[in-house]
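Using numbering that gives the first Met the number 0, the letters of the sequence shown map in sequence onto residues 0 to 339.
Below is one structure, written out as structure tokens, with a few remarks after it.
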Amino acid sequence: MAISSEDRYSRQVLFSAIGAEGQRRLGESRVAIVGCGATGSSVVSLLARAGVGHLRIIDRDYVEPSNLQRQLLFDQADAADSLPKAIAAARKITSFNPEIAVESRVSDLAPGNVEELLEGAQLVLDGTDNFETRYLINDFAVSKNIPWIYAAAVASYGVTMNVLPGETACLACIFPDSPRGTFETCDTAGILNSAAASIAAVEATEALKLLVGDRASLRRTLLSFDLWRNDHAEITAGKPRADCRACGQRDFIHLKGEGRPHITLCGRNSVQIHERQRPVDFAEMQARLAPHGVVRCNDFVLKFWKDPYEMTLFPDGRAIIKGTTDTAIARSLYARFVGS
Ligand SMILES: [Zn+2]
0 MAISSEDRYS
10 RQVLFSAIGA
20 EGQRRLGESR
30 VAIVGCGATG
40 SSVVSLLARA
50 GVGHLRIIDR
60 DYVEPSNLQR
70 QLLFDQADAA
80 DSLPKAIAAA
90 RKITSFNPEI
100 AVESRVSDLA
110 PGNVEELLEG
120 AQLVLDGTDN
130 FETRYLINDF
140 AVSKNIPWIY
150 AAAVASYGVT
160 MNVLPGETAC
170 LACIFPDSPR
180 GTFETCDTAG
190 ILNSAAASIA
200 AVEATEALKL
210 LVGDRASLRR
220 TLLSFDLWRN
230 DHAEITAGKP
240 RADCRACGQR
250 DFIHLKGEGR
260 PHITLCGRNS
270 VQIHERQRPV
280 DFAEMQARLA
290 PHGVVRCNDF
300 VLKFWKDPYE
310 MTLFPDGRAI
320 IKGTTDTAIA
330 RSLYARFVGS
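If you want it as structure tokens, here you go:
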């Protein structure tokens, strides 16, 4: 059934702050979403339904059964197939709005590829679950003068801030150092789907204001709330900090990749190995691994079970090894079965 754009967006066009002209601007907009988990899949779903014309979804992970509670774009078949989230999300978007151009990038945003992955985006949205990637987005966005929106959710708590380079505070103005290690994560404190959906709704609304050109209506605070405790707070973030490393001194340490490890913990009892590009031929690898355990693959991922570990290999050689947080064990499994 063909659906006309007039019909599809009629209720949104009636909203006077958007109107026909705003809708036209949305259709021409280009947005990159980094991370397509709970927050990312909600925000990208809202923007796709709202008619943002070009969406680029960047995600390094694949769909798992424990995602279905909160990651609104995925279904059981995606988890059964271990589909990369970027691929599953694009398919789902096409099923409800084929007018949108969606690009999937199954990739880990890193200093070496940030330029290529975020190129052409007029707005970058945070759907990640870690500060390392957020600082990288912040450095990139501030250096290129591209707005981005920070958003995070854990337990019943959500936090978000618009970063308009040169106009408002950036992430490094507010958090000069990574709060890593002190923050709870979804893997330790759990998460309510409603907390992620709420913060995604705020993020999507701010994105719409920006894309239709209504900058005066953009929020200029760090907003946080706890849905369970009925708390909310706003911290003024309307001005850059003069001595800020990123937007003041323009010292983009995260863009240079200083101190970035080749192996990272993804949380949830797993380790990611991304030290080098190693294109993998899945058919050949499947034959090589079959004598050592259970192997299954589709066009996007190869999974290998070797008790008590589960290795997920991507075509570029990146791997996520589940069943350990010991990087030495993960590295040795990778060296033994994929190559050193
Ligand atoms: Zn700053």
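Even glycine gets a Cβ: it sits at the ideal position worked out from N, Cα and C.
For this session: Pull every residue with its beta-carbon under 7 Å away from any heavy atom of ligand 1, and keep them in chain order.
Result: Val141, Ala168, Cys169, Ala171, Cys172, Pro239, Arg240, Cys243, Ala245, Cys246, Gly247
For this session: Return helix, strand or coil for Gln75, following the three-state DSSP convention.
Result: In the three-state reduction of the DSSP assignment, Gln75 falls in the helix class, which pools H, G and I.
Exercise. Considering only residues of the same chain and omitting the five flanking positions on each side of Arg240, which have a CB-CB separation below 7 Å?
Worked result: Ala168, Cys172, Gly247
Exercise. Touching or not, the stretch 222-240 and the stretch 79-97, by the rule of three or more beta carbon pairs under 8 Å?
Worked result: no
Exercise. Below 8 Å between beta carbons: does that hold for Ile272 and Ala318?
Worked result: yes
Exercise. Is Glu189 near Ala140, with beta carbons less than 8 Å apart?
Worked result: The amino acid at residue 189 is misidentified as Glu; the sequence shows Gly. No. Outside cutoff.
Exercise. Do Ser40 and Leu71 have their C-beta atoms closer together than 8 Å?
Worked result: Against a cut-off of 8 Å, the Cβ pair of Leu71 and Ser40 comes out as a contact.
For this session: Consult DSSP for His231 and reduce its assignment to one of helix, strand or coil.
Result: The DSSP-derived three-state label of His231 is strand.
For this session: Measure the alpha-carbon distance for Ile2 versus Tyr8 and round it to whole angstroms.
Result: C-alpha separation (whole angstroms): 10 Å.
For this session: Specify the secondary structure class of Ala168 as computed by DSSP and reduced to three states.
Result: In the structure shown, the three-state DSSP call for Ala168 is coil.
Problem set entry | Stretch pair the stretch 53-62 + the stretch 242-256: three plus CB contacts closer than 8 Å | no
For this session: State the start and end residues of the unbroken beta strand (DSSP E) segment that holds Gly157.
Result: 156-162
For this session: Work out the CA separation of Gly322 and Tyr308 for me, nearest whole Å.
Result: 5 Å
Problem set entry | Local conformation of Lys91 per DSSP, three classes | helix
Exercise. What first and last residue would you give for the alpha helix (DSSP H) that runs through His253?
Worked result: 252-255
Exercise. Looking at Val294 and ligand 2, is the gap between the Cβ and the nearest heavy atom below 7 Å?
Worked result: Among the ligands present in this structure, namely ligand 1, ligand 2 is not found.
Problem set entry | Whole-angstrom C-beta distance between Gly36 and Gly126, which should lie under 8 Å | 6 Å
Exercise. CB-CB under 6 Å to Lys143, same chain, minus the five flanking residues each way: which ones, in chain order?
Worked result: none
Exercise. Looking at the unbroken beta strand (DSSP E) that takes in Arg55, where does it start and where does it end?
Worked result: 53-58
Exercise. Taking the alpha-carbon positions, what's the Thr220 to Thr204 distance?
Worked result: 15 Å
Problem set entry | Straight-line Cα distance separating Ala215 from Thr181 | Per-residue confidence for Thr181 stands at a pLDDT of 45, beneath the threshold of 50, marking its modelled position as unreliable; the derived number appears in the next sentence. Taking the straight line from one Cα to the other gives about 35 Å.
Exercise. Are the stretch 192-209 and the stretch 119-135 touching by the rule of at least three beta carbon pairs closer than 8 Å?
Worked result: The stretch 192-209 vs the stretch 119-135: in contact.
For this session: Give me the Cβ distance between Leu217 and Leu207, rounded to the nearest whole Å; I'm assuming they're in contact under 8 Å.
Result: So it is not a contact: roughly 10 Å between Cβ atoms.
Exercise. Is Thr324 closer than 8 Å to Val270 when the C-beta atoms are compared?
Worked result: In contact: Val270 and Thr324 (Cβ atoms closer than 8 Å).
For this session: Classify Ala152 as helix, strand or coil using the three-state DSSP reduction.
Result: strand
Exercise. Pairing CB atoms from the stretch 155-167 with CB atoms from the stretch 73-91, are three or more of them under 8 Å?
Worked result: no
For this session: Compute the beta-carbon to beta-carbon distance between Phe313 and Val105, rounded to the nearest angstrom, for a pair I have assumed lies under 8 Å.
Result: 6 Å
Exercise. Any idea which residues DSSP pairs Pro83 with across the strands?
Worked result: Tyr61
Problem set entry | Per-residue burial, Asn112 [other beta carbons within 10 Å of its own, 16 or more giving buried] | exposed
Exercise. How long is the line joining the alpha carbons of Ala289 and Arg330, rounded to whole angstroms?
Worked result: 20 Å
Problem set entry | N- and C-terminal bounds of the beta strand (DSSP E) containing Lys143 | Careful: Lys143 lies outside any beta strand (DSSP E), inside the alpha helix (DSSP H) at 130-143.
Exercise. Nearest CA to the CA of Ala196: which residue from Leu163, His231, Val33, Ala150?
Worked result: Ala150
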